[in-house]
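In my numbering, the protein residues as written are 2 to 256.
We treat Cβ as the ideally placed atom computed from N, Cα and C, and that holds for glycine.
Written out below as structure tokens is the structure these notes cover.
Shown next, in the form of structure tokens:
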């Protein structure tokens, strides 16, 4: 079967790679019950996202931001890693992957056991102060907001609190983006998984890897704008494909 041949090809490339990197987008988490933001059931189909500058400037915008984030919190809090997350974590433990670069904010790679994860857009499971370095778990503050409809202030300095995610109009953390670009330049196999590859600057990472000489594999349900530049393209269920490749890799050798 062509499918088995393609899976075997990826397994072979993984075995030979010295610096393989996985790059993931929303598509890997839809199988955990988290809708893509752009999908008909996603957050953006129900309300307009709050721009970062509006969040800073307006009390009403901050309250609307917290309402939106708190409505979505249950889906994120209840989600569990799926077969795709677990396969990538196993490959990292086996030394087949340097790590995971993700556009996702759900923390499922870490929950699956991946230890080297670069979160380009942060995590929705934590709250961060914009004026000091305080961070805390999202759950208690979400519950407090839902009970009171009052936007919480930083317990340390009284500053503005928001989820530790990158909002529209807010810059990506430069140190995380720089590290992701370095991984991309240094890798010899780049696996782009579950991403439409249109959101910049993250979408530039596969091109960076390809131009530096890495093989590029794209696994996504739908076609992407970078399919033509890939060494192999797979349009299929992400969990099913990664599980299939994992089986072909066989058991870990040695102690």
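Cβ neighbours of residue i in the same chain (closer than 7 Å, five flanking residues each side left out)
{"i": "residue 111", "result": "118"}
{"i": "residue 181", "result": "102, 119, 121 and 206"}
{"i": "residue 71", "result": "143, 146 and 147"}
{"i": "residue 139", "result": "74, 125, 126, 127, 128 and 164"}
{"i": "residue 116", "result": "93"}
{"i": "residue 234", "result": "219 and 228"}
Residue j beta carbon less than 8 Å from that of residue i
{"i": "residue 227", "j": "residue 198", "result": "yes"}
{"i": "residue 22", "j": "residue 91", "result": "no"}
{"i": "residue 125", "j": "residue 60", "result": "no"}
{"i": "residue 94", "j": "residue 114", "result": "yes"}
{"i": "residue 177", "j": "residue 63", "result": "no"}
{"i": "residue 104", "j": "residue 159", "result": "no"}
{"i": "residue 15", "j": "residue 97", "result": "yes"}
Boundaries of the alpha helix (DSSP H) in which residue i is found, first to last residue
{"i": "residue 248", "result": "239 to 250"}
{"i": "residue 71", "result": "60 to 79"}
{"i": "residue 314", "result": "With the chain covering only 2 through 256, there is no way to say anything about residue 314."}
{"i": "residue 89", "result": "84 to 94"}
{"i": "residue 13", "result": "3 to 17"}
{"i": "residue 112", "result": "109 to 113"}
{"i": "residue 177", "result": "175 to 187"}
Run of the beta strand (DSSP E) containing residue i, from where it starts to where it stops
{"i": "residue 217", "result": "216 to 220"}
{"i": "residue 101", "result": "100 to 103"}
{"i": "residue 137", "result": "136 to 138"}
{"i": "residue 209", "result": "It is not in any beta strand (DSSP E) - residue 209 instead sits in the alpha helix (DSSP H) that spans 205 to 212."}
{"i": "residue 199", "result": "Taken as a continuous stretch (DSSP letters only), residue 199 belongs to no beta strand (DSSP E), as it is neither H nor E."}
{"i": "residue 233", "result": "233 to 235"}
{"i": "residue 130", "result": "123 to 130"}
{"i": "residue 23", "result": "21 to 25"}
{"i": "residue 194", "result": "190 to 194"}
{"i": "residue 119", "result": "118 to 120"}
Rounded Cβ spacing between residue i and residue j (contact assumed at less than 8 Å)
{"i": "residue 204", "j": "residue 218", "result": "Their Cβ separation, rounded to whole angstroms, is 16 Å, which puts residue 204 and residue 218 out of contact at 8 Å."}
{"i": "residue 101", "j": "residue 246", "result": "Residue 101 to residue 246, Cβ: 15 Å. No contact."}
{"i": "residue 131", "j": "residue 161", "result": "5 Å"}
{"i": "residue 249", "j": "residue 8", "result": "6 Å"}
{"i": "residue 168", "j": "residue 56", "result": "6 Å"}
{"i": "residue 221", "j": "residue 195", "result": "6 Å"}
Cutoff 6 Å; reference residue i; Cβ partners in own chain excluding five residues on either side
{"i": "residue 85", "result": "29, 239, 240 and 243"}
Contacting residues, own chain, Cβ-Cβ under 8 Å from residue i (five flanking each side not counted)
{"i": "residue 33", "result": "80, 81, 82, 83, 86, 107 and 109"}
{"i": "residue 171", "result": "53"}
{"i": "residue 210", "result": "22, 185, 186, 188, 191 and 217"}
{"i": "residue 37", "result": "27, 28, 31 and 43"}
{"i": "residue 155", "result": "130, 132, 133, 135, 161 and 162"}
{"i": "residue 223", "result": "197 and 236"}
{"i": "residue 202", "result": "173 and 178"}
Spatially closest choice to residue i from the options, by CA coordinates
{"i": "residue 19", "options": "248, 195, 251 and 215", "result": "215"}
{"i": "residue 1", "options": "50, 133 and 78", "result": "Any question about residue 1 goes unanswered here, given that the chain covers just 2 to 256."}
{"i": "residue 200", "options": "88, 225 and 212", "result": "225"}
{"i": "residue 213", "options": "237, 183, 229 and 78", "result": "183"}
{"i": "residue 35", "options": "5, 77 and 236", "result": "77"}
{"i": "residue 123", "options": "4, 150 and 173", "result": "173"}
{"i": "residue 157", "options": "175, 137 and 149", "result": "137"}
Residue i beta carbon near the ligand GTP (any heavy atom closer than 7 Å)
{"i": "residue 22", "result": "Absent from the structure shown: the ligand GTP. Ligands present: none."}
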